[in-house]
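Worksheet: one structure, shown below.
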Amino acid sequence: MASSLRTHTQTNSNTSAMNGTSASASDPKSQLSKKPRLHAPPQPLFITPSDVLFEFSHHLPSIARINNGSFGCCPSSVLSAQQQLQLQWLQQPDHFYFNQLQTRILQSRNIIKDMINADHVDEVSIVDNATTSAAIVLQQIAWGFAEGRFRPGDAAVMLHYAYGAVKKSVEAYVTRAGGYVIEVPLPFPVNSVDEIVQEFREALERGKQNGRRVRLAVIDHVTSMPSVVIPVKELVRICREEGVDRVFVDAAHGIGCVDVDMKQIGADFYTSNLHKWFFCPPSVAFLYCRRSTESSDLHHPVVSHEYGNGLAIESAWIGTRDYSAQLVVPKVLEFINRFEGGIDGIKKRNHEAVVDMGEMLVKAWGTHLGCPPEMCSSMVMVGLPACLGISSDQDTLKLRTYLRDKFGVEVPIYYRAPKDGEVGPVTGYARISYQVYNKVDDYYKFRDAIIQLVHNAFTCASLPT
Amino acid sequence: MEHEDPRNGESTHPCSKKPKIYSKFISEPEIRDEFSHHQPRVARINNGSFGSCPGSVLEAQRQWQLQFLRQPDAFYFNTLRNGITASRKIIKDLINADHVDEVSLVDNVTTAAAIVLQQIGHSFAEGKFQKNDTVLMLYCAFQAVKKSIQAYVTRAGGSVIEVRLPFPVNSEEEIISEFKKSIEKGKSNGRKIRLAIIDHITSMPSVVIPVKELVGICRAEGIEQVFVDAAHAIGSVKIDVKEVGADFYVSNLHKWFFCPPSVAFLYCKKSNVSSDVHHPVVSHEYGNGLPIESAWIGTRDYSSQLVVPAVLEFVNRFEGGIDWIMKRNHDEVVKMGKMLAESWGTNPGSPPKMCAAMMMVGLPSRLCLNSEEDAVRLRSHLRDCYEVEVPIFYQVLKDGEEGVRDKDGFIAGYARISHQVYNTLEDYEKFRDAINRLVEDGKTCKML
């Protein structure tokens, strides 16, 4: 709010100077002699580019930060609000604990409930991140096996491109408890939604073999690496048709990136980080749990005295910690509504810009995008020239470090192993992001860095291990 | 190194900032300045609940936070892990652990309890333990720990023994004897005790427990695993994990060791058991050992884990460092406890040698504190009307137990006073006068 107020006062004093009136409000004569402001320039309704620059002025200026997808971003007005809350706690923590904390967390939950079209605020819990949400949902599955509700060999289905932490969580809670895990292979590059739906159906078939029940399907809304928007609504519908017990949508990149409507999507569990694309400080996420008999058996793995009072209440107190990131959601909403169209406007513009930039890059490098524009969100996979010789996951890390250290470009790289019979394929894709603080120059910097590497006949093999 | 590259602009690494020039040791005005963010008129005699953090450490924390926000990827790849390892090494030395691999950093003791108990839960679920194998804990164990036992042990088929320790207590022998009796009872019917959870310093009522002796008894009785919940210990009592001899030992650093909220260490003695403990929030580091798992549980603010070096700097500005601070806090809280008890005609809850930096002081029986609700009412009233922040404990008497008397009746309420470096005599005088005022005015808890 502070910067838009500043703009407002500046404009007023400019106006009165132009009209030759005194700006002093205390002088009664000048009050009477003030000429009406007939030709005042319009007040900016929305945040201006220089405001945005200011809000993200703490970002390292020398870096082309085209990786909002990994760690997100947070405007300085929200960081200030967070610091105020942290200070309030430090000033008198007992008072804050007894009189403020729960009310404020509830306020954040109510805002989220409205944004995601959930039926009831009881369905909305706030946790640290999607990694925590996964542990919550998967721990319940583990109890299902341990307590004999599920039979050994009952299955969980997840995408091959599921996030690394989620895969490990499935190992820790499902495999360890006796569950059988099926991974859905997805093509990449991908050309249409149908390709994904087809693979998913086939995986469910495999899941149901030998009389197995599929107890849980874990579906990404937007996969991480490689990044593609998955047709979750359709996949959830297929899960219902095929008798999958429960569906968990991992939408780490959900809110602020794609449309997030709980009733439309119809999943049992849906989680999204708020610090990636929703401008919250690190870190905070919501976990939506559709009301049912099972949802009363979800628990936060860090057990406090609130155990048994419902997941939302359990998650609101997991011992003494800094909860301030969970409390700034109202301030974040204020920030978002300074943009034309609010969060929907931001999403739309980010998507259009990242597709533009992606197409600019593939044209410059002679490569291709990893998926059609309608399967992108605010991120897109851009093929890197094959001559760079990206031939392993290790190469992608080395190249990423090289781009950071030598060119000031921050962008994650994905290794796509060549298939049999492919000749000179693109094996490396950069995942570019676009967020409100990005500029065209960020992507030119990346374009030129790669062009220079190609020109110098650079290969990943030349990089030290 | 990232921060040396001129293209990255000025170096933002916290250690590269010019060091503040301090006079030899910290002075009284400097201490006041460090805690000037505390609400000024409140008599804050409850350091035990939420701890405290000096301004210079908060500033160091802000630098770490800013560094992440400026370039999170570089921070994640180049800085975070080393910063956490540096903190773990300092803790390892402070607690006399053998190896830094035995030291993990987690959010708080509540998290550590979940880690240890989840492993117990797995043993029941996977048939290593039999139904009705037992976990032993203190009756006054922290409520979060009790619930964690319910969530992970009872649910998995284990049973629980609660050891009821006497309070008020007069000597360590009383505790040791009660503990031995409970183990006997626990082992009757041929039950096996798989885990004992022992507080180093109980929360409510607060008493320093002779953990070394109790751990020894556990070993002698064949109890497989011992977990010491030492939430209040570090910065409050000397810690030597090898001396104590437990399998797991956990303490919060934000209570008495000046860290910001929140951070705790979990010490796991190297053994077969300790290789199967996992952080319940599973990341890609799963299976790489608890310290590595705990150092990355998804994107979050890890800055409170990174300021341990800054805390050590702060603590060493006091002549005698943390040892002096611990002694001073103890001496002062005992003095203040005596002053209050004398003024009110009541008693302390335990002898000085069974206190660290906290003490239980009996409240006048005329306040008629007869329930949990009365205790909550009194605490809120003291906060709202007298600007005194102090937790109140209601002593439920066992059947047949008589309790301690003052000249007017039975004492059932105790205040837990804390002393930390920012406290002054005025804080306790304010509390003394508030209680005397309430008694003079004939107020009972139910009227508040």
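Protein chains in written order, with the numbering used here: chain A, 13 to 477; chain B, 10 to 457.
No residue lacks a Cβ here, since even glycine has one placed at the ideal position from N, Cα and C.
Keep in mind that this is a model prediction, so the values were computed, not measured.
Quiz prompt | Beta-carbon proximity of I210 of chain B to A255 of chain B, cut-off 8 Å | solution = With respect to the 8 Å criterion, I210 of chain B and A255 of chain B are not classified as neighbours on the basis of their beta carbons.
Quiz item: Using a C-beta to C-beta distance shorter than 7 Å, which residues of chain B count as neighbours of P476 of chain A?
Solution: In chain order: nothing, as chain B lies at least about 15 Å away.
Quiz item: Using the beta-carbon of each residue, which ones in chain A are nearer than 8 Å to R79 of chain B?
Solution: The contacting residues are H70, H71 and L72.
Quiz item: Run through DSSP, which three-state label would G84 of chain A get?
Solution: Note: G84 of chain A maps to coil in three-state DSSP.
Practice problem: Please classify F298 of chain A: does DSSP put it in a helix, a strand, or coil? | Solution: F298 of chain A: strand per DSSP, three-state reduction.
Quiz item: Using Cβ-Cβ distances below 8 Å, what residues of the segment 232 to 248 of chain A are close to chain B?
Solution: Hits within the stretch: zero.
Quiz item: Could you give the residue range of the beta strand (DSSP E) that holds C229 of chain A?
Solution: First, the amino acid is wrong: residue 229 of chain A is Ala here, not Cys. First-last of the beta strand (DSSP E) with A229 of chain A: V226 to D232.
Exercise. Would you identify the three-state DSSP class for D63 of chain A, choosing helix, strand or coil?
Key: When secondary structure is reduced to three states using DSSP, D63 of chain A falls in the helix class.
Self-check item: Minimum C-alpha distance to I75 of chain A - residue among A:F419, A:T471 and A:D334
Solution: When only C-alpha atoms are compared, the closest one is A:F419.
Self-check item: Beta carbon proximity, P289 of chain B to chain A, threshold 8 Å
Solution: So, interface residue.
Self-check item: Which listed residue (A:I194, A:I128 and A:C388) has its alpha carbon closest to that of N362 of chain A
Solution: It is A:C388 whose Cα lies nearest to the Cα of N362 of chain A.
Quiz item: Helix or strand or just coil, what does DSSP make of Q234 of chain B?
Solution: In the three-state DSSP reduction, Q234 of chain B falls in the strand class (E or B).
Exercise. Measure how close the beta-carbons of R425 of chain B and P400 of chain B come, nearest whole angstrom, since I'm counting them as under 8 Å.
Key: With 8 Å as the limit, R425 of chain B and P400 of chain B qualify as a contact, their Cβ atoms being about 5 Å apart.
Self-check item: Touching by the beta-carbon criterion (3+ pairs, under 8 Å), the segment 87 to 97 of chain B and the segment 108 to 120 of chain B
Solution: With the cut-off at 8 Å, the segment 87 to 97 of chain B and the segment 108 to 120 of chain B touch.
Quiz prompt | Whether D273 of chain A touches N122 of chain A by CB criterion (8 Å) | solution = Cβ atoms of D273 of chain A and N122 of chain A: not closer than 8 Å.
Self-check item: I54 of chain B versus L99 of chain A - alpha carbon distance
Solution: Between I54 of chain B and L99 of chain A, the C-alpha separation is close to 19 Å.
Exercise. Quick one: grab the DSSP three-state call for D206 of chain A.
Key: Note: D206 of chain A maps to helix in three-state DSSP.
Quiz item: Fully enclosed by the segment 151 to 197 of chain A, which beta strand (DSSP E) runs are 3 residues long or longer?
Solution: Complete beta strand (DSSP E) runs here, min 3: 167 to 171 and 192 to 196.
Quiz item: For T143 of chain B, which three-state DSSP category applies?
Solution: Judged by DSSP in its simplified three-state form, T143 of chain B adopts strand.
Quiz item: Excluding five sequence neighbours on each side, which residues of the same chain lie with their C-beta closer than 6 Å to the C-beta of S245 of chain B?
Solution: Once the five neighbours on either side are set aside, the close Cβ partners of S245 of chain B are W265, A365 and A366.
Quiz item: Got a sec: which bits of the segment 77 to 88 of chain A sit with their beta carbon under 7 Å from any beta carbon on chain B, in order along the chain?
Solution: Those residues of the segment 77 to 88 of chain A that come within reach of chain B (Cβ to Cβ, closer than 7 Å) are N79, S82, F83 and C86.
Self-check item: Contacts around Q74 of chain B, its chain only, beta-carbon distance under 8 Å, and the 5 residues preceding and following it disregarded
Solution: D310 and S312.
Quiz item: Short check: CB of V133 of chain A to CB of A154 of chain A, under 8 Å?
Solution: No, the Cβ-Cβ distance between V133 of chain A and A154 of chain A is not below 8 Å.
Exercise. Please confirm whether V178 of chain B and I207 of chain B have their CB atoms less than 8 Å apart.
Key: Pairing V178 of chain B with I207 of chain B gives a Cβ-Cβ distance that is not under 8 Å.
Practice problem: For A229 of chain B, count neighbouring C-beta atoms within 10 Å of its own C-beta (all shown protein chains included) and say buried if the count is 16 or more, exposed if not. | Solution: With fewer than 16 Cβ atoms within 10 Å of its Cβ, A229 of chain B is classed as exposed.
Exercise. Return the Cβ separation of A184 of chain A and A158 of chain A in integer angstroms, given the expectation that the two are a contact with Cβ distance under 8 Å.
Key: Rounded, the Cβ-Cβ distance is 13 Å, inconsistent with contact.
Quiz item: Counting contacts by CB-CB distance shorter than 8 Å, is V90 of chain A in contact with chain B?
Solution: Proximity of V90 of chain A to chain B, defined by a Cβ-Cβ separation below 8 Å, is not satisfied.
Practice problem: Please go through the same chain and pick out, in chain order, the residues whose beta-carbon is closer than 8 Å to the beta-carbon of F83 of chain A, but skip the five residues on each side of it. | Solution: Once the five neighbours on either side are set aside, the close Cβ partners of F83 of chain A are H287, K288 and P294.
Quiz prompt | Beta carbon proximity, S245 of chain B to chain A, threshold 8 Å | solution = For S245 of chain B, the answer is no, since every Cβ of chain A falls outside 8 Å of its Cβ.
Quiz item: How about T379 of chain A and V438 of chain A: do their beta carbons lie closer than 8 Å?
Solution: Cβ atoms of T379 of chain A and V438 of chain A: closer than 8 Å.
Quiz item: With 8 Å set as the bound, which would you pick, yes or no: does the beta-carbon of D436 of chain B sit closer than that to a beta-carbon of chain A?
Solution: With respect to chain A, the C-beta atom of D436 of chain B has no partner C-beta closer than 8 Å.
Quiz item: Is the beta carbon of F489 of chain A less than 8 Å from the beta carbon of V423 of chain A?
Solution: Because chain A here runs from 13 to 477, residue 489 of chain A falls outside it and cannot be looked at.
Exercise. May I ask you to report which of helix, strand or coil DSSP gives P357 of chain B?
Key: Reduced to three states, the DSSP call for P357 of chain B is strand.
Quiz item: S260 of chain B touches chain A at which residues, Cβ-Cβ below 7 Å?
Solution: Correct list: empty, because the minimum Cβ distance to chain A is about 13 Å.
Self-check item: Beta-carbon contacts of G156 of chain A that lie in its chain and below 6 Å, excluding the five residues immediately before and after
Solution: If the five residues before and after G156 of chain A are omitted, its C-beta is found closer than 6 Å to the C-beta atoms of F162, all from its own chain and listed in chain order.
Quiz prompt | Where D142 of chain B falls, given that 16 or more other Cβ within 10 Å makes a residue buried | solution = The residue in question, D142 of chain B, is buried, as its Cβ has 16 or more Cβ neighbours within 10 Å.
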